[in-house]
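If you read the sequence shown in this note's numbering, its first letter stands for residue 8, the second for the next number, and so on.
The beta-carbon is built from N, C-alpha and C at its ideal position, and this holds for glycine as well.
The block underneath contains the structure these notes are about, expressed in structure tokens.
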Amino acid sequence: MTATKTLRIGVDVGGTNTDGVILDPARASEPDKGILASHKAPTTANPGRGIAHALAALFARAQPPVRPEQVASVSIGTTHFVNAVVERDPARLSKVAVLRLCGPFAKHATPCIDWPADMRDLVLGYHARLQGGLEVDGHLIADIDPAEICAQCAVIRECGIRSVVVGGVFSPIDTVERQEERAAEIVQAEIPGCDVVLSKQVANLGFIERENAAILNASILSFARRTIRSFQEPVRALGLKCPVFITQNDGSILSGEMASKLPIRTFSSGPTNSMRGAAFLVQGELDENIMVVDIGGTTTDVGLLLANGFPRQQAAYSDLAGVRMNFSCPDIKSIGLGGGSIVRHNGSMTVGPDSVGYKLTEEALVFGGKTLTATDCTAVADPSLELGQRGLAEGAVTETEISQFKAIVTHKLEKIIDKMKTSPDDLPVLLVGGGAIIAPDQLKGASRVMKPKYAEVANAVGAAMARVSAVVDTVKSTESKTAEQLLDEICSDAIERTVDAGALRSTVKVVEKESFPLQEKYIEQKTRFIVRAAGDCDFARAHLGSMQAVEEQISEMDNNMDEYEKSTRPTSDRTAEKKEVDISTYRPHVRNRVWYVSETDVEWIATGCYILGTGGGGSPYAHMVRLRQMIRDGAVVRVVSPDDLPDDAQVGCGGGAGSPTVGIEKLEGDAMLQAQEALYKVCPDRRATHMISVEIGGGNGLQSMVLGASGPGGMDLPAVDGDWMGRALPTKWQTTPVVFNERSPSGRPSR
Numbered sequence: 008m009t010a011t012k013t014l015r016i017g018v019d020v021g022g023t024n025t026d027g028v029i030l031d032p033a034r035a036s037e038p039d040k041g042i043l044a045s046h047k048a049p050t051t052a053n054p055g056r057g058i059a060h061a062l063a064a065l066f067a068r069a070q071p072p073v074r075p076e077q078v079a080s081v082s083i084g085t086t087h088f089v090n091a092v093v094e095r096d097p098a099r100l101s102k103v104a105v106l107r108l109c110g111p112f113a114k115h116a117t118p119c120i121d122w123p124a125d126m127r128d129l130v131l132g133y134h135a136r137l138q139g140g141l142e143v144d145g146h147l148i149a150d151i152d153p154a155e156i157c158a159q160c161a162v163i164r165e166c167g168i169r170s171v172v173v174g175g176v177f178s179p180i181d182t183v184e185r186q187e188e189r190a191a192e193i194v195q196a197e198i199p200g201c202d203v204v205l206s207k208q209v210a211n212l213g214f215i216e217r218e219n220a221a222i223l224n225a226s227i228l229s230f231a232r233r234t235i236r237s238f239q240e241p242v243r244a245l246g247l248k249c250p251v252f253i254t255q256n257d258g259s260i261l262s263g264e265m266a267s268k269l270p271i272r273t274f275s276s277g278p279t280n281s282m283r284g285a286a287f288l289v290q291g292e293l294d295e296n297i298m299v300v301d302i303g304g305t306t307t308d309v310g311l312l313l314a315n316g317f318p319r320q321q322a323a324y325s326d327l328a329g330v331r332m333n334f335s336c337p338d339i340k341s342i343g344l345g346g347g348s349i350v351r352h353n354g355s356m357t358v359g360p361d362s363v364g365y366k367l368t369e370e371a372l373v374f375g376g377k378t379l380t381a382t383d384c385t386a387v388a389d390p391s392l393e394l395g396q397r398g399l400a401e402g403a404v405t406e407t408e409i410s411q412f413k414a415i416v417t418h419k420l421e422k423i424i425d426k427m428k429t430s431p432d433d434l435p436v437l438l439v440g441g442g443a444i445i446a447p448d449q450l451k452g453a454s455r456v457m458k459p460k461y462a463e464v465a466n467a468v469g470a471a472m473a474r475v476s477a478v479v480d481t482v483k484s485t486e487s488k489t490a491e492q493l494l495d496e497i498c499s500d501a502i503e504r505t506v507d508a509g510a511l512r513s514t515v516k517v518v519e520k521e522s523f524p525l526q527e528k529y530i531e532q533k534t535r536f537i538v539r540a541a542g543d544c545d546f547a548r549a550h551l552g553s554m555q556a557v558e559e560q561i562s563e564m565d566n567n568m569d570e571y572e573k574s575t576r577p578t579s580d581r582t583a584e585k586k587e588v589d590i591s592t593y594r595p596h597v598r599n600r601v602w603y604v605s606e607t608d609v610e611w612i613a614t615g616c617y618i619l620g621t622g623g624g625g626s627p628y629a630h631m632v633r634l635r636q637m638i639r640d641g642a643v644v645r646v647v648s649p650d651d652l653p654d655d656a657q658v659g660c661g662g663g664a665g666s667p668t669v670g671i672e673k674l675e676g677d678a679m680l681q682a683q684e685a686l687y688k689v690c691p692d693r694r695a696t697h698m699i700s701v702e703i704g705g706g707n708g709l710q711s712m713v714l715g716a717s718g719p720g721g722m723d724l725p726a727v728d729g730d731w732m733g734r735a736l737p738t739k740w741q742t743t744p745v746v747f748n749e750r751s752p753s754g755r756p757s758r
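Have a look at this one:
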């Protein structure tokens, strides 16, 4: 073996274990898939020390021996950033100020309006609405006002906040005005040294979700820089003169410098690494979609790996710690089943969802502990497995109970696999992870079940083999060019962005491309394009500059590793989750035939509006969170039956018309209420006594309750349990009163 830089090291720092591999891609066709060494050990409190131990162990075990100068890259996957959010750790999350470039829009859906209260209180420090924003066609809503931004920066300085998010309406398609960029330059000049996150750099179309992602990203920036520095130090200490990459959600890599700016892109890298690592371990054997089942110590994560080598992404939105976002994230379902799952057999047997987790080697029976776990039952069932001292667990379960255990595990896995499938056809199932030993060799819904060699470190393999990628998500006009011509141009742009990100040009290919024509009635000749390209890293262009850049960013921070270790320990238990409502026993509050709508009712009604809209009317989400907040602020929302309307009732309505794509960006202000007030100036004797929804589809299905709510922003009127046109329809003449040509006694059409 020569000293040419050809080897790759992959490390995955999980909550329970830190895994690592040294891999030679040139030997991937060999039985060992080019894996020269592997390592698995409990994760340490200080991730840098854990990585140092893993790297040292890998070099000690490598056969043939490996020298540092042979290593081309070190790629690291981590759960540290996402754990900081899930654990709601104030030592790792910073206060954030949010500046919205939105003009008159987004007045009621304030930043973090849909967050759990404790998360919002922990992270959101200040917010303001400013001039700015674009229309869907790229024209200005309004230009930014530098003086206005400077004034807000003075307030932010007074608050002592050092992390700022700048978000503009339709900013992802803003390539000309560069409003977010220009605003950021002003903020950085007014608050030297602060962190500024542009929403367009974090996520795509969908204002609330993009802003949420940007806020979380800004909140963990300081912690991310320190963590990435702790990753890079052991690499340098071992004499590895190669770039350090961080794996991101879609299975590709980020430089250390970019990851320190966009740590949110790493939140779901763990499951993605496992999926891509699993595919690498069976390369040449499968060329179709693959279901990957990653069984750890506490949970089982299941995802679908597409034939293009990348995980299937979530269709719309992701949810983390109660925060809804729309950044690229693999579609993963998890269940409480793992090697450390606690097994109980008093009368009826249960397996999990609670687990001994990382204490498996201390608490499981086969390791001398006192807790019966899934690993113990597996050891008793299969004497060929080398799992601790099998004899310590033999008397704890009978053969009948072992059969019950196997049936429960099988049922849980088959159920979650069935949920992830998009067709009834059987798919290959790959079992990976340290807990894969508890799974059976056959499963319903699986054309074959495979447990490849090195499956226990598949996540580290995935990290080592991660590629470089880039995504273009934009709206273009088809007025002068066809959709096919535009798609070709955008594919070329995606390829160039991938090369700029560090990919070897000859290996870059477009792996995903989609186009969505926007509704022509509202927006003529507009199409949304989403293109993803990927390629292998060009190590000849990779350099160590990212390490220096990160170190410069943290030059003023504490360099003491012991102090760092203290700061990464959770200092409070803030993991409270929303209490689930039992739908079988829940009853709405109805008094004297009037339904007083609750938060729970609003959420369920919104879901129904989305389904009944059958794609029309757009997403009701922004309207739902506004109405829910009104209720939280004390508003009363009443709904009455049409049967209870008096003969002289004046039933008004209000609604919006337009493309759903516009609705997810230009969040509603006071236009609906202002329209009602303008109407009654013209018809003062025709004031409404009740409100009804113009249609049940999408956001319009909630407008009768928004307008009818008591308090600021509402008219304090009962909403009628009905609507004028059923599912979403595009024109006013399709409403019920017009269809039936109903007229009032005066001869005027009824409203």
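{"Asked": "N- and C-terminal bounds of the alpha helix (DSSP H) containing Arg639", "Found": "628–639"}
{"Asked": "Spatial neighbours of Leu261 in its chain, beta-carbon cut-off 8 Å, leaving aside the 5 residues before and after", "Found": "Phe252, Ile253, Thr254, Gln255, Leu269, Arg272, Thr273"}
{"Asked": "Cβ-based neighbour list, Ser476, same chain, cut-off 7 Å, excluding 5 preceding and 5 following", "Found": "Asp257, Ser259, Thr505, Arg539, Ala540, Ala541"}
{"Asked": "CA-to-CA distance, Arg633 to Leu141, given in whole angstroms", "Found": "22 Å"}
{"Asked": "Ranges of the alpha helix (DSSP H) found wholly within the stretch 626–711, counting only runs of at least 4", "Found": "628–639, 667–670, 678–689"}
{"Asked": "Endpoints, the beta strand (DSSP E) within which Met722 is located", "Found": "Run containing Met722: none; DSSP gives neither H nor E here."}
{"Asked": "Selected residue, minimal CA-CA separation from Ile168, among Gln138, Thr385, Ala154, His134", "Found": "His134"}
{"Asked": "Close-in-space but distant-in-sequence residues of the same chain around Val643 (CB under 6 Å, 5 per side omitted)", "Found": "Ser717"}
{"Asked": "Cβ contact check for the stretch 287–295 and the stretch 450–467: 3 or more pairs under 8 Å", "Found": "yes"}
{"Asked": "Uninterrupted alpha helix (DSSP H) stretches inside the stretch 257–337 (no shorter than 4 residues)", "Found": "263–268, 276–288"}
{"Asked": "Cys249 (DSSP reduced to helix, strand or coil)", "Found": "coil"}
{"Asked": "Cα-Cα separation, Gly27 to Asp152", "Found": "51 Å"}
{"Asked": "Among Gly200, Val204, Ile198, Glu197, the one whose alpha carbon lies nearest that of Glu188", "Found": "Val204"}
{"Asked": "4-residue-minimum alpha helix (DSSP H) runs that sit fully inside the stretch 207–246, ordered along the chain", "Found": "214–226, 228–244"}
{"Asked": "The stretch 102–113 in contact with the stretch 46–63 per 3-pair CB rule at 8 Å", "Found": "no"}
{"Asked": "Same chain, Cβ closer than 6 Å to Leu551, five either side skipped, listed in chain order", "Found": "With a pLDDT of only 42 at Leu551, under 50, the local geometry of the prediction cannot be trusted, and no value is derived from it."}
{"Asked": "Buried or exposed (CB count within 10 angstroms, at least 16 for buried), Ala196", "Found": "exposed"}
{"Asked": "Delimiting residues of the alpha helix (DSSP H) encompassing Leu30", "Found": "That residue, Leu30, is in no alpha helix (DSSP H); its beta strand (DSSP E) goes 24–30."}
{"Asked": "Per-residue burial, His630 [other beta carbons within 10 Å of its own, 16 or more giving buried]", "Found": "buried"}
{"Asked": "Spatial distance of Pro744 from Gly659 (CA atoms)", "Found": "12 Å"}
{"Asked": "Every unbroken beta strand (DSSP E) within the stretch 11–95, with a cutoff of 3 residues, ordered by chain", "Found": "14–20, 24–30, 42–49, 78–85"}
{"Asked": "CB-CB length for Ile497 against Phe523, believed under 8 Å", "Found": "Not confirmed; about 13 Å, so no contact."}
{"Asked": "Reduced DSSP secondary structure (H/G/I, E/B, other) of Cys119", "Found": "coil"}
{"Asked": "Alpha-carbon spacing of Pro54 relative to Met282, whole angstroms", "Found": "23 Å"}
{"Asked": "Residue range of the unbroken alpha helix (DSSP H) whose run includes Ile424", "Found": "406–427"}
{"Asked": "Strand pairing of Val479, partner residues [DSSP]", "Found": "Val538"}
{"Asked": "Straight-line Cα distance separating Ala400 from Glu406", "Found": "12 Å"}
{"Asked": "Per-residue burial, Cys690 [other beta carbons within 10 Å of its own, 16 or more giving buried]", "Found": "exposed"}
{"Asked": "Selection from Ile193, Phe238, Ala149, Ile180 that minimises the alpha carbon distance to Ala161", "Found": "Ile193"}
{"Asked": "Beta-bridge pairing of Arg455 - partner residues as DSSP gives them", "Found": "Pro435"}
{"Asked": "Reference Ala63; option with closest CA among Ala52, Ile16, Glu94", "Found": "Ile16"}
{"Asked": "Unbroken beta strand (DSSP E) run spanning Gly174, endpoints", "Found": "170–175"}
{"Asked": "Closest by C-alpha distance to Val358, when choosing among Asp383, Val373, Thr368", "Found": "Asp383"}
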